[in-house]
Amino acid sequence: MKPIHTQPSRPATASRFSSPRWALASLALSTLLASLGASVVAVALPTLAQALDTSFQQVQWVVLAYLLAMTTLIVSVGRLGDLMGRRKLLLAGIALFTLASLLCGLAPSLWLLIAGRALQGLGAAIMMTLTLALVGETVAQEKTASAMGLLATLSAVGTALGPSFGGLLISGFGWQALFLVNIPLGLLTLWLAWYSLPVRQVPPKTETIRFDTTGTVLLALTLAAYALAMTAGRGSFGGLNIALLLAALVGGALFVRVQSRAVSPLIPLAVFRDKPLVSGLATSALVATIMMATLLVGPFYLSITLGLPATFVGLTLAAGPTVAALAGVPAGRLAGRFGAQPMRFAGLATMALGCLMLSLVPPALGIAGYISAIVVTTLGYAFFQTANNTAVMADVAAQRRGVIAGLLNLSRNLGFFTGACVLGAVFASAAATNEITRASPEAVTNGLHTTFAAALAMAVLAVVIALRCRVPERLNEVEDTPDQA
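Quick note: the sequence shown uses the working numbering, first residue 1, plus one each step.
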């Protein structure tokens with residue numbers, strides 16, 4: 001790949017809109033679009049399978065292609081943003097997401113739709129990573145926590161709104177509308193970002209750095225192998241899963257070796273000697289693993305143990321994302337007032353309490369008992385996520401914001417994949433069946449209690465890690481950064 005020229009940064013020029021609120025609005029819309037892209041399609045899988053005359057196993061790749069592209073490339077796009085300019089790459093990511101949505105909406109075949117979804121996932125990776133990295137350049141330092149809370153709110157809104165919004169679009173306009181609706185939204189976001197994000201002056205070129213293509217390919221293949229190892233096999237961990245996991249381990253070892261010798265590595269290995277940063281990444285992964293359990297186990301407990309119809313199951317499952325959406329902005333304000341570190345511990349402790357409640361909740365308490373525990377768990381998640389993102393990103397040198405934001409997003413995504421596999425296996429084992437739909441209400445209840453007992457252990461481990469390696473709440477001296485125009 002051609003060398004990428006980097007320069008020390010200069011103060012940003014005044015944005016075309018005088019208020020940074022417009023810049024933050026563009027980042028929030030980018031987060032919303034990327035989150036909607038992940039959640040809106042799942043409800044359409046039966047319709048897509050029928051319309052495109054394909055099997056359910058094949059049509060699942062419409063979801064998987066998006067998640068794989070976003071997960072495997074999320075660190076690389078962060079690093080690329082650090083080198084070529086975060087504003088510039090974010091604009092390209094929004095444009096790519098919008099064009100890919102058009103391709104998906106017009107796709108005449110399943111495989112073209114899957115290709116479009118992979119491109120959408122790449123655009124979403126850029127948007128999710130660089131919105132987090134750009135917060136420090138768009139708002140004052142004392143408002144960083146509130147801005148992080150807003151981004152968390154929009155992410156949760158996208159997750160909560162996706163299934164119901166997708167259902168309305170399908171019933172009213174057909175499956176193509178799931179993707180075509182992104183075009184006006186994407187154009188609005190692109191226009192707002194173009195006119196509101198600060199543009200930096202372009203000084204003379206002083207340094208040449210090559211983008212680490214080899215590291216990018218190795219990391220992408222390693223992450224793809226790990227993600228597939230955690231999701232393949234229809235609920236069982238067989239020979240294919242083991243082979244993929246071994247491939248991920250070999251790929252990870254090769255990646256570390258390449259990074260240790262690279263002149264300009266994709267991920268400088270020195271960042272992993274920063275114990276507070278590693279603490280933030282590790283706790284983020286553990287928390288995401290726990291939250292995946294609520295998505296896996298909840299539907300079976302509600303439908304089999306409590307006997308709720310599908311409509312009420314869907315409404316009940318929306319309680320968690322709704323709480324996260326409502327709590328995001330207040331969590332940011334509390335983190336700004338009391339400090340990110342105390343709110344980080346408060347979030348983890350609240351999550352542990354929620355997991356304890358779920359591990360003990362009796363079916364006799366019905367839907368109220370389940371929702372109460374989910375509200376506590378999700379409230380803790382919202383507090384932790386906002387505070388942890390704020391604390392981690394606040395201490396990152398300016399020229400590494402993109403790659404660290406990518407690692408933060410990656411830790412969460414890997415936690416989701418790991419939770420789907422590990423806690424899914426715990427649930428199936430405790431329920432004593434691989435066919436959960438045929439399990440008895442008592443077996444599902446036992447599965448719920450055992451799964452969240454394991455989740456409670458993870459929450460306690462996260463608290464211990466956070467206590468041993470606290471994330472500082474100070475800002476490093478701002479170092480030279482590339483041009484952001």
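No residue lacks a Cβ here, since even glycine has one placed at the ideal position from N, Cα and C.
Alpha-carbon spacing of residue i relative to residue j, whole angstroms
i: Pro203; j: Val392; result: For Pro203, the pLDDT reaches just 44, beneath the cut-off of 50, and the residue's location in the model is therefore unreliable, although a value from the coordinates is still provided. So the alpha carbons of these two residues sit roughly 29 angstroms apart.
i: Gly215; j: Thr72; result: 12 angstroms
i: Thr189; j: Leu27; result: 8 angstroms
i: Phe384; j: Thr377; result: 11 angstroms
i: Val59; j: Leu423; result: 25 angstroms
i: Phe255; j: Met127; result: 25 angstroms
i: Thr47; j: Ser55; result: 11 angstroms
i: Leu86; j: Gly402; result: Per the sequence presented here, residue 86 reads as Arg, with Leu not at that position. Taking the straight line joining both Cα atoms gives about 7 angstroms.
i: Phe312; j: Ser164; result: 13 angstroms
i: Ala227; j: Leu68; result: 7 angstroms
i: Leu475; j: Leu277; result: Confidence is the limiting factor: at Leu475 the pLDDT is only 39, short of 50, which leaves the residue's position unreliable and the question unanswerable from this model.
i: Leu302; j: Glu137; result: 44 angstroms
i: Ala349; j: Ala107; result: 47 angstroms
i: Ala439; j: Thr213; result: 48 angstroms
i: Leu269; j: Thr451; result: 35 angstroms
i: Leu308; j: Phe300; result: 10 angstroms
i: Ala248; j: Asn182; result: 34 angstroms
i: Lys275; j: Ala462; result: 14 angstroms
i: Thr294; j: Leu456; result: 12 angstroms
i: Leu379; j: Met351; result: 8 angstroms
i: Gln57; j: Arg337; result: 49 angstroms
i: Met292; j: Ala373; result: 15 angstroms
Neighbourhood of residue i by C-beta distance below 7 angstroms, restricted to the same chain and skipping five residues each side
i: Ala566; result: A query on residue 566 cannot be resolved here, the shown segment of the chain reaching from 1 to 485 and no further.
i: Leu281; result: Leu407, Leu408, Ser411
i: Ala44; result: Gly166, Ile170, Trp175, Leu178
i: Pro157; result: The sequence given here has Val at residue 157, not Pro. Within the same chain, Val157 has close Cβ partners Leu32, Ala325.
i: Gly186; result: Leu33, Ile94, Phe97, Thr98, Ser101
i: Gly251; result: Leu218, Leu221, Thr222, Ala225
i: Ala454; result: Leu423, Val426
i: Ala432; result: Ala443
i: Ala229; result: Asn241, Leu244, Leu245, Ala248
Own chain residues within Cβ distance below 6 angstroms of residue i, not counting five before or after
i: Thr322; result: Ala160
i: Gly37; result: Gln120, Ala124
i: Leu180; result: Gly105
i: Arg468; result: none
i: Asn152; result: A small correction: the amino acid at residue 152 is Ala; Asn does not occupy that position in the sequence shown. The residues are Gly328, Gln385, Thr386.
i: His449; result: Ser359
i: Val297; result: Phe427, Leu448, Thr451
Residue closest to residue i, alpha-carbon to alpha-carbon, out of the options
i: Ala340; options: Val460, Leu296, Pro163, Asn388; result: Asn388
i: Ala125; options: Gly447, Leu112, Asn413, Val444; result: Asn413
i: Met148; options: Gly380, Gly332, Leu456, Thr451; result: Gly332
i: Gly121; options: Ala327, Ile367, Leu33; result: Leu33
i: Leu150; options: Val63, Ala293, Thr386; result: Thr386
i: Leu221; options: Ser76, Gly307, Val139, Ala270; result: Ser76
i: Gly366; options: Pro441, Ala457, Ala107; result: Pro441
i: Trp194; options: Ala229, Val41, Ala92, Val444; result: Ala92
i: Ala405; options: Val63, Val135, Gly116; result: Val135
i: Gly78; options: Ala118, Asp53, Thr131; result: Thr131
i: Ala118; options: Ala382, Ile374, Tyr66; result: Tyr66
i: Val40; options: Gln57, Ala133, Leu168, Ser264; result: Leu168
Cutoff 8 angstroms; reference residue i; Cβ partners in own chain excluding five residues on either side
i: Ala232; result: Leu240, Asn241, Leu244
i: Ala364; result: none
i: Glu479; result: Only weak support is given to the placement of Glu479: the predicted model assigns it a pLDDT of 37, under 50, and the question is left unresolved by the model.
Inter-residue CB distance, residue i and residue j (contact presumed, cutoff 8 angstroms)
i: Ser279; j: Gly415; result: With a Cβ gap of about 14 angstroms, Ser279 and Gly415 do not count as contacting.
i: Leu486; j: Leu29; result: Not covered by the structure: residue 486. The range shown for the chain is 1 to 485.
Can we say the segment 412-419 touches the segment 281-300, given the rule of at least three CB pairs closer than 8 angstroms? The segment 412-419, when compared against the segment 281-300, does touch it at the 8 angstroms Cβ threshold.
So, do the segment 390-406 and the segment 357-366 have three or more beta carbon pairs nearer to each other than 8 angstroms? Touching, no.
Indicate whether the contact test is met: 3 or more Cβ pairs, each with one atom in the segment 308-323 and one in the segment 338-352, closer than 8 angstroms. The segment 308-323 vs the segment 338-352: no contact.
Sufficient close CB pairs (3 or more, under 8 angstroms) joining the segment 259-270 to the segment 97-113: Segments in contact, no.
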